[in-house]
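Below you'll find the structure, written out as structure tokens, and then a few comments.
Numbering (our numbering), first residue to last: -10 to 545.
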């Protein structure tokens, strides 16, 4: 069986100019990065914004497991299949982070015969967006520490600085560090720490900004810390928003690439969904909606994280709700949610599948609670049995949810044709009645309680003493009216990764908040979720190499 990278390297790519021509773009609309990658120019983005938007399909999934779900693969395969049945489609995806690429999760370019290309470029340095975001974030950190060193005119309390440095790698050794050591000329000593780049507020801002001016305004609103009098200090107070925006002037432009079957794909921005808002950029999605009749996009991890944030945070900024939601599930993962160990997933177990279906059913209920039509995609694995497939179809049909088996990993668009036809049928037959899960004017506590009880299915919310003190500050400044971005384990509906399936009667603990006024939301850290992941015992990097001619090997 060929690996993903072997399949991708055997594919024949079209010049990016030819891909652009499929959706009415010319060479003048592009800023080329070699033969097969390009950014779309600002003038083109402004021109396209005046066109009407097409239909939007959001792909999400059940809670992920080590068994694999294949959400990005289904997203790409569905886009290819829609084009194959005569529905002009553009795909909008996030950019991969080097953290999971070099770690355990893998890349974010799909798999098998449903991939965006050039796979190795996208999974590694791509067009430099991640590096620009990292540099912008760390430039702000350097300017902040220099302000302390040069007299601290704003009276910033070094103990209450909340802006962290970032690096686009899983590096647990950097979670907590001391800076400014070594004497007066080395800076002001203080505690600091690193997040992974995709958790940076700069990443969130880039993905929510609609143009350069909006980007600059959002950067100016960033809270970097507090004064000795406990008053917030912003980037506008430091007067460096222009410099930070300048570092992002190219990174904000969406990237155009292609699938194996030459479907145009906009791959741009990459916030994690467990510790950030988990959606690709507003600019990429808006552009895709105007280049095709259909746009297929995805939101990170399960529907309790990525999809909830897509609908409650991104949609109000995007101005367009999905016309349908596809929830991806695998029989392997559902059996794991039903109590089967990873080494026994290859054995038929209909009873465990039925038990694990509770997880999928909860996500279906959640998406319907937003007033959106739902289709279930069964992402087929070779170990799935006929009885298991039939059982899962019957479970979906019993709750009146359309369901289709898809095999795009092995068969490309042919394997996604039934799903594509069903999704189009649902979109043409049903009109969404979209509404967010909470009203914009309610308090932060009410928003969190609504998400925990209605989306996660929990019983209650517990706030740590630190979180309660922070809430008082947020109420004082009116920040409690902002949307909430929950930072939670992706593996469970609860904040305990060990509670699989559909747990009940659990309490979610909010240990701390991080105000992200530039992004326009408040992050709520739950359980022991980390904003800087660590590497596993056997990271994927151990399998990687490069040949003398520059060919990548071992990249999945």
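Note that the Cβ used here is the ideal one computed from N, Cα and C, for glycine as well.
As the crow flies, the alpha-carbon of residue 64 is around 36 Å from that of residue 451.
Taken in chain order, the whole beta strand (DSSP E) runs of length 3 or more contained in the segment 22 to 101 are 27 to 29, 44 to 50, 78 to 82.
Around the beta carbon of residue 126, 16 or more other beta carbons sit within 10 angstroms, so the residue counts as buried. Contact between residue 109 and residue 541 holds, with the beta-carbon distance rounding to 4 Å and staying under 8 Å. DSSP, read as helix, strand or coil, puts residue 240 in coil.
Between the alpha carbons of residue 254 and residue 104 lies a distance of about 10 Å. Within the segment 174 to 220, the beta strand (DSSP E) runs of at least 3 residues that lie entirely inside it are, in chain order, 179 to 181, 183 to 185, 212 to 216. Non-local beta-carbon contacts of residue 506 in its own chain, meaning distances under 8 Å to residues more than five positions away in sequence, involve 210, 211, 212, 223, 468, 471 in chain order. Partner residues in the beta bridge of residue 368, as assigned by DSSP, are 395. By the Cβ-count criterion, residue 376 is exposed, with fewer than 16 other Cβ atoms from all chains shown falling within 10 Å of its own Cβ. Look at residue 270 here: in three-state DSSP terms it is coil, with no helix or strand label.
Listed in chain order, the non-local C-beta contacts of residue 68 below 6 Å within the same chain comprise 78, 80, 252, 285, local neighbours out to five positions each way being set aside. Taking C-beta atoms under 8 Å as the contact rule, residue 214 and residue 146 qualify, at a distance of about 7 Å. The beta carbon of residue 512 lies closer than 7 Å to those of 474, 476, 502, 503, 505 in the same chain, with the five residues before and after it left out. Of all C-beta pairs linking the segment 373 to 393 to the segment 407 to 417, three or more are shorter than 8 Å, placing the two stretches in contact.
In the structure shown, residue 502 falls within a strand segment according to DSSP collapsed to helix, strand and coil. Beyond the five residues adjoining it in sequence on each side, residue 341 comes within less than 7 Å, by CB distance, of 324, 327, 328, 329 in the same chain, given in chain order. Comparing alpha-carbon positions, the option among 367, 122, 97, 28 lying closest to residue 61 turns out to be 97.
Restricting attention to 423, 155, 531, the CA atom closest to the CA of residue 310 is found in 423. Per DSSP, residue 451 lies in no alpha helix (DSSP H); the unbroken beta strand (DSSP E) holding it starts and ends at 449 to 452. Residues 313, 415, 419 of the same chain have their beta carbon placed closer than 6 Å to that of residue 362, with the five preceding and five following residues left out of the count. Residue 334 and residue 486 have their C-alpha atoms spaced approximately 19 Å apart. Of all alpha-carbon atoms in 460, 9, 11, 291, the one lying nearest the alpha-carbon of residue 315 is that of 291. Nearest to residue 508 by alpha-carbon distance, out of 204, 434, 194, 182, is 194.
Boundaries of the beta strand (DSSP E) around residue 475: 473 to 476. Here DSSP, grouped into helix, strand and coil, assigns residue 247 to strand. Out of -10, 58, 438, the CA that lies nearest to the CA of residue 321 is found in 58. Distance from residue 479 to residue 89 at the Cβ level is roughly 12 Å; contact not present, criterion being Cβ atoms closer than 8 Å. With a cutoff of 8 Å on beta-carbon distance, residue 399 and residue 25 are scored as not near each other. A distance of 8 Å or more separates the beta carbons of residue 438 and residue 426.
Taking the Cα of residue 433 as reference, the smallest distance to any Cα among 411, 464, 454 is reached at 464. In this structure, the beta-carbon distance from residue 198 to residue 241 falls below 8 Å. For residue 305, the number of other beta carbons within 10 angstroms of its own is below 16, and it is reported as exposed.
Residue environment analysis places residue 460 among the buried positions, since at least 16 neighbouring C-beta atoms fall within 10 angstroms of its C-beta. Looking at 282, 454, 206, 244, the one whose alpha-carbon comes closest to that of residue 228 is 206. If you check the CB distance, residue 369 and residue 396 come in under 8 Å.
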